[in-house]
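Worksheet for the structure shown next.
Numbering (the working numbering), first residue to last: 986 to 1920.
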């Protein structure tokens, strides 16, 4: 037999050429081609190395043969991190110009610059309509490959997807758009690509055609058998074994065939070809009947290393060249890519691994469309087969096996050993349940994670045991207190008897005895009072939690359940009010869950019907403030007005009724931040053009400050308003003296030593020093003369000073959501607590210093008291960019990533109780219960 094979017949990785003999045509080839030729929007979203790029190459060639103009755009080439919307859309336009040879028709650079009054997506839309369609007379297909790279952009690309949708919507009135269609290819789900989940009317996926890209079956894969002819007289039989091991996965199939060519020394003396399996297509990706028995027979007889069949040949190559020591043999990378996606640490990792573990144990599960299932499908590990999800192939099952997954899960959770022992005891060994710091750490770790059912059961059981232990502790404390009271009474009786028997000791001895008794009684009374307060606080917190749990487990339209939850929250709120009547500071509240429950429940009810606020302003007001992201919001210190700024390069001023009272274009390319001076007469804006501009409230420019390299990221006035500090993306930070305004200011004090981005700069409340926070999360403290005084021992993502000069505090928040409270004078950490944000973005104090607002990537703003108890939670429809407090602390302004600003009331316990009682009083079925409760 001739062992000389053509090493280039099989190609492992990369796109196959048009005339490659080893290209395998699948049903997707015709579906993709016919759909695009008919003008349908098509998308191929699948796992990596499934042949998407080769499919695109073949489809483009077939379409061009039909006279259709095509452009192939690898969108990852434009870049993502640090790329602005302007650069990204301009990059798309430039690639279109090159693909369609439009450089002789239009100067793209000039064309783009002449339309800088339009948003980037509007410019791309106009280019398509007035340049591309006007100069290309044939039908056009634009292929966008690596579409998943938009997920790494620093801005949402929903506008781009909306543009694709608009091209189809325009067909109704503009026949020219009938000639244009789009194709998207990548590794993502439609849900992943659309960051704005509620914008279903703008997504193209609900009008497009999904092209299903499956593994090769035996009939389709026949071109691959040709490469095996020179090695074996039974190429089809060998190919069948290859497909069994790879499940038809294109990359693995090509690689295994190539490995067979490269290892001819393992070729057996093959018998004549076996008759084909019965059952047709069903057996294409599975071993023939009797395969397991044959394998058993082989194991029982013959020499260990002797290979006599094609089954053993392929199996040995798989074992030696792919599975064993796979990390060193994974060239080009394939299994490593799957590993990285499988073990990627995000909030769904525990449930994702648990789900995969379940499939390993059960062989298949029913698909439910969950995010974890979609992640596993996009990794390539599992496929949908006969309406069930199952492991893609035996190679994946051998590499990513049960032992590996179990080991990874054990390393992930802080309670892996305890939950294993608890599950092994059929969930009956309560000694394995978590308590104290262990339970607290576990709950912090589990926050915002999608857990397995076993994890939920374990943590729930642990919390129930804690409650049981607390009840026992309360009972024990009750008995001890009763005993203390009895002992005190007994002591009084004994003292009285002693005085009768020893009147001669009336002098000093009596006084000492009396003092001792009074002290004992006082101590016992104080202990009893503290016990009663602790008992009431625990009950109030638990009742508030119960009300909150009842509300969040209900759908918004279930108003009856929400009303019942509100009634419970009112009851716990009333009890809390009776405990805190003499406590003015929120930090001293023994419980806060009733506040959170009342606010969240009222919000859920108001989604269906309006809740009348006790104050003049509504609880929540929405302003369509800007085109594109709102970058900054800031309240005036002395007037009822609010300033907003956005990437549309505009500054707008609003009153608290939501009316716009002033607007101007800043001419700074984009306004990154806006800030009122302490006297409220001047407005400062930070520009992308490296300038800081000062304005009066009518929009007249007072001064322009220069000296920051790159885009200006942050600005801060000193408390007296005589100094202004700014920071930028290119290691720059500086201080200007404003005392000579409106004269031109040229000089500034530099704050050197930063490396790269400076996120923020802030003056202290007394104005005696300032801080900078850089891109590496380092907090530096500077004197006003520019001298570095201290570097804080914390890696922060945000910093905020308490405006209350009585508190002398400032706060930091880390990326994983840990808040640190620092003493202003010593710059030392005095307290810290964990928020629910695993990806925090910013932090800000309320003006009275009583509340801290934290922002994460979850479209949520959470408020906390200084003891680390959550007191409010506000959820929004867009990603939150920044938050500003009104000067009385009763409102926050929230800047959204898609142009919206929300004005949101911040209510205290009294206000929340009043609104809740008013709402339920208006419902006849609750009137009697509420009238008693809300006296």
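Where a beta carbon is used, it is the ideal one built from N, C-alpha and C, also for glycine. These figures come from a predicted structure and were not determined experimentally.
Is residue i helix, strand or coil when you go by DSSP?
| i | result |
| --- | --- |
| residue 1204 | coil |
| residue 997 | coil |
| residue 1020 | helix |
| residue 1747 | strand |
| residue 1831 | coil |
| residue 1034 | coil |
| residue 1778 | strand |
| residue 1295 | helix |
| residue 1262 | Low per-residue confidence applies at residue 1262: pLDDT is 45, beneath 50, and the placement is therefore not dependable, though the value from the model is reported in the following sentence. Three-state result, residue 1262: coil. |
| residue 1719 | strand |
| residue 1797 | strand |
| residue 1009 | coil |
| residue 1068 | coil |
| residue 1130 | strand |
| residue 1102 | coil |
| residue 1343 | helix |
| residue 1537 | helix |
| residue 1765 | strand |
Just checking residue i against the ligand PLP - is the residue's beta carbon closer than 8 Å to any of the ligand's heavy atoms?
| i | result |
| --- | --- |
| residue 1348 | Among the components of this structure there are no ligands whatsoever, and the ligand PLP is therefore not found. |
Give me whichever residues DSSP pairs with residue i in a beta bridge.
| i | result |
| --- | --- |
| residue 1855 | 1849 |
| residue 1349 | 1375 |
| residue 1028 | 1169 and 1195 |
| residue 1664 | In DSSP, residue 1664 forms no bridge with anything. |
| residue 1876 | 1890 |
| residue 1690 | 1677 |
| residue 1619 | 1628 |
| residue 1841 | 1825 |
| residue 1670 | 1659 and 1678 |
Provide the residue span of the beta strand (DSSP E) that contains residue i, from first to last.
| i | result |
| --- | --- |
| residue 1889 | 1885-1890 |
| residue 1648 | 1645-1650 |
| residue 1138 | Residue 1138 -> no beta strand (DSSP E), and no H or E assigned at all. |
| residue 1757 | 1755-1759 |
| residue 1605 | 1605-1609 |
| residue 1054 | 1054-1059 |
| residue 1090 | Neither: residue 1090 is in no beta strand (DSSP E) and is coded neither H nor E. |
| residue 1697 | 1697-1702 |
| residue 1243 | Element bounds for residue 1243: not the beta strand (DSSP E) but the alpha helix (DSSP H), 1235-1247. |
Thinking C-beta only, is residue j closer than 9 Å to residue i?
| i | j | result |
| --- | --- | --- |
| residue 1117 | residue 1040 | no |
| residue 1326 | residue 1360 | yes |
| residue 1855 | residue 1577 | yes |
| residue 1652 | residue 1667 | no |
| residue 1557 | residue 1582 | yes |
| residue 1807 | residue 1799 | no |
| residue 1555 | residue 1919 | yes |
| residue 1148 | residue 1106 | yes |
| residue 1755 | residue 1749 | yes |
| residue 1056 | residue 1128 | yes |
| residue 1209 | residue 1302 | no |
| residue 1831 | residue 1870 | yes |
| residue 1196 | residue 1023 | no |
| residue 1171 | residue 1025 | no |
On the criterion of 16 or more Cβ atoms from any shown chain inside 10 Å, does residue i qualify as buried, or is it exposed?
| i | result |
| --- | --- |
| residue 1611 | buried |
| residue 1378 | buried |
| residue 1727 | exposed |
| residue 1646 | exposed |
| residue 1731 | exposed |
| residue 1102 | exposed |
| residue 1354 | exposed |
| residue 1702 | buried |
| residue 1270 | Only weak support exists for where residue 1270 lies, its pLDDT of 39 falling under 50; the coordinates are left without a value. |
| residue 1795 | buried |
| residue 1820 | buried |
State the start and end residues of the unbroken alpha helix (DSSP H) segment that holds residue i.
| i | result |
| --- | --- |
| residue 1584 | 1578-1591 |
| residue 1418 | Looking at the DSSP string, residue 1418 is not in any alpha helix (DSSP H), and its letter there is neither H nor E. |
| residue 1556 | 1544-1565 |
| residue 1916 | 1912-1918 |
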